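Structure first, then comments.
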Amino acid sequence: MALKTRITELLGIEHPIVQGGMMWVGRAELAAAVSNAGGLGILTALTQPTPDDLRREIDRCREMTDKPFGVNLTILPSVSPPPYAEYRQAIIDSGVRIVETAGYKPQEHVDHFKEHGIIVLHKCTAVRHAISSVRMGVDVISIDGFECAGHPGEDDIPGMILIPAAADAVDVPMLASGGIGDGRGLAAALALGADGVNMGTRFCATREAPIHDRVKQFLVDNDERSTNLIFRKFHNTGRVSKNSVSDKVVEISALPDSEFADIQPLVSGAKGKVALETGDIDAGLIWAGQIQGLIHDIPTCEELLSRMVADAEAIIDKRFAQMRV
Ligand SMILES: Cc1cc2nc3c(=O)[nH]c(=O)nc-3n(C[C@H](O)[C@H](O)[C@H](O)COP(=O)(O)O)c2cc1C
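In our numbering, the protein residues as written are 468 to 792.
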């Protein structure tokens, strides 16, 4: 059995489950495993130090899977931005057919990808942004609720409201993202009007995720309260796992006169990379969402996806059907 939706049809995948872009985690090992399991795996462009490294990573992923996979391009406001246009060109030259964009003002990127017939999934955190992205020409909206790891935006609208509100507002296929990790979440997202789901944190706790086993076990041991919201004060809210580093960031940020410079040494991406690679949980920020509370094991991607789809089907076919009188 399988679930057929506008997402499986458009992307040419078996299951309506996408692995969102993840800094340091979205490498070929994970993306290929998700795609081989019937979902859509996504490489994270900026995890590669240069556009040429990204070209090589795309080639590496192709060697590991003959199924569709995508590349994430995250556009963040920055004083010294990475060479976005060069990363974009590397994606286009490599013949990638699906791109996930996220972040700030994606128009020029969307235009260029669309000129090359690439399917663009745009991840956003508000209904008004979903509407404007559709106007920009994206093919799929991935709507990220307040529960999510990463940047949930500043509106604090949980998926239970955001997903149906976005489904009412846009006609293009839509992925529900944030706080999803099992078959119940998948069935709920479909019930709320989504055509599939996007997951981040849950994929970090899989066998193929290229991070240290201690980090995976940390996610399993954590519960739904084990996150901190950081950068709130700077209008760039991030949801990360609770550890001594994110606790310190919250503590410093609460000081009335504190500035970004006061927390900057704690939050560098390089330190987060060390935490993920060495398993030293307190080496830096570990990005993770509230779904940690529903992660109880470290399966392969194949086990995770088959289980999610089987559980969602059982909910739809049995649980819901039995309720009808
Ligand atoms: C470790 C980690 C790193 C992430 N890095 C990025 C990123 O670089 N770009 C991006 O668009 N989203 C990033 N995200 C967000 C995910 O793509 C996804 O939207 C989010 O994790 C969904 O929420 P969930 O974790 O509750 O499933 C990251 C998430 C995690 C867990």
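Heads up, the beta-carbon is just placed ideally off N, CA and C, and yes, glycines get one too. Since the model is a prediction, treat every value here as computed from it, not as a measurement.
1) Would residue 513 pass as a contact of residue 498 if the rule is Cβ separation under 7 Å?
2) Consult DSSP for residue 706 and reduce its assignment to one of helix, strand or coil.
3) Using 6 Å as the cut-off, classify the Cβ of residue 623 as near or not near the heavy atoms of ligand 1, replying yes or no.
4) Which partner residues of residue 511 appear in the DSSP bridge assignment?
5) Put residue 739 into one of helix, strand or coil per three-state DSSP.
6) Using only the alpha-carbon positions, how far apart do residue 689 and residue 609 sit?
7) For the alpha helix (DSSP H) containing residue 528, list its first residue and its last residue.
8) To which residues of the same chain is residue 482 closer than 6 Å at the C-beta, ignoring the five residues directly before and after it?
9) Smallest Cα separation from residue 671: which of 764, 634, 532?
10) Going by alpha carbons, who is nearest to residue 615 out of 631, 788, 766, 759?
11) Mind checking which residues open and close the alpha helix (DSSP H) that includes residue 589?
12) Using the C-alpha atoms, what's the distance from residue 724 back to residue 508?
13) Given residue 679, which residues of its chain have a CB within under 7 Å of its CB, disregarding the five upstream and five downstream residues?
14) Taking 8 Å as the cut-off, does the region 685 to 700 touch the region 713 to 733 (at least 3 CB pairs, one atom from each stretch)?
15) Look at the alpha carbon of residue 781 and the alpha carbon of residue 728, and state the distance between them as a whole number of angstroms.
16) Given this structure, state the Cα-to-Cα distance separating residue 617 from residue 788, to the nearest angstrom.
17) Between residue 773 and ligand 1, is there a pair consisting of the residue's CB and a ligand heavy atom that are separated by less than 6 Å?
18) Using DSSP with H/G/I as helix, E/B as strand and the rest coil, what is residue 665?
19) Reducing DSSP to helix, strand and coil, say where residue 728 ends up.
20) Tell me whether residue 575 is buried or exposed, calling it buried when 16 or more other Cβ atoms sit within 10 Å of its Cβ.
21) How many Å lie between residue 791 and residue 654 at the Cα?
22) Work out the CA separation of residue 634 and residue 750 for me, nearest whole Å.
23) May I ask you to check if the CB of residue 680 is nearer than 6 Å to at least one heavy atom of ligand 1?
24) Tell me, which residues are paired with residue 641 by DSSP?
25) Give the range of the beta strand (DSSP E) segment to which residue 475 is assigned.
26) Nearest-angstrom Cα distance between residue 559 and residue 580?
27) With a 10 Å radius around its C-beta and 16 neighbouring C-beta atoms as the bar for buried, classify residue 545 as buried or exposed.
28) Just the C-alpha distance for residue 622 and residue 590, rounded to the nearest angstrom, thanks.
29) In its own chain, which residues sit with a C-beta less than 7 Å from the C-beta of residue 488, not counting the 5 before and 5 after it?
By the coordinates alone:
1) no
2) In the structure shown, residue 706 falls within a strand segment according to DSSP collapsed to helix, strand and coil.
3) Incorrect: residue 623 has no Cβ contact closer than 6 Å to ligand 1.
4) 539
5) helix
6) 26 Å
7) Looking at the DSSP string, the run of the alpha helix (DSSP H) that includes residue 528 is 518 to 531.
8) 505, 506, 772, 776
9) 764
10) 759
11) Unbroken run through residue 589 is the beta strand (DSSP E), 586 to 591; no alpha helix (DSSP H).
12) 43 Å
13) 743, 744, 745, 746
14) By the Cβ rule, the region 713 to 733 counts as touching the region 685 to 700, because three or more pairs are nearer than 8 Å.
15) 51 Å
16) Approximately 36 Å between the Cα atoms of the pair.
17) For ligand 1, no non-hydrogen atom lies closer than 6 Å to the CB of residue 773.
18) strand
19) Correct three-state label for residue 728: helix.
20) exposed
21) Distance between residue 791 and residue 654, taken at the CA atoms: about 17 Å.
22) Computed Cα separation, rounded: 40 Å.
23) no
24) According to DSSP, residue 641 bridges with 608.
25) Where residue 475 is concerned, there is no enclosing beta strand (DSSP E), although the alpha helix (DSSP H) it sits in stretches over 473 to 478.
26) 7 Å
27) In the assembly as shown, residue 545 is an exposed residue. Its beta-carbon has fewer than 16 other beta-carbons within 10 Å.
28) 15 Å
29) 509, 511, 539, 541, 567, 569
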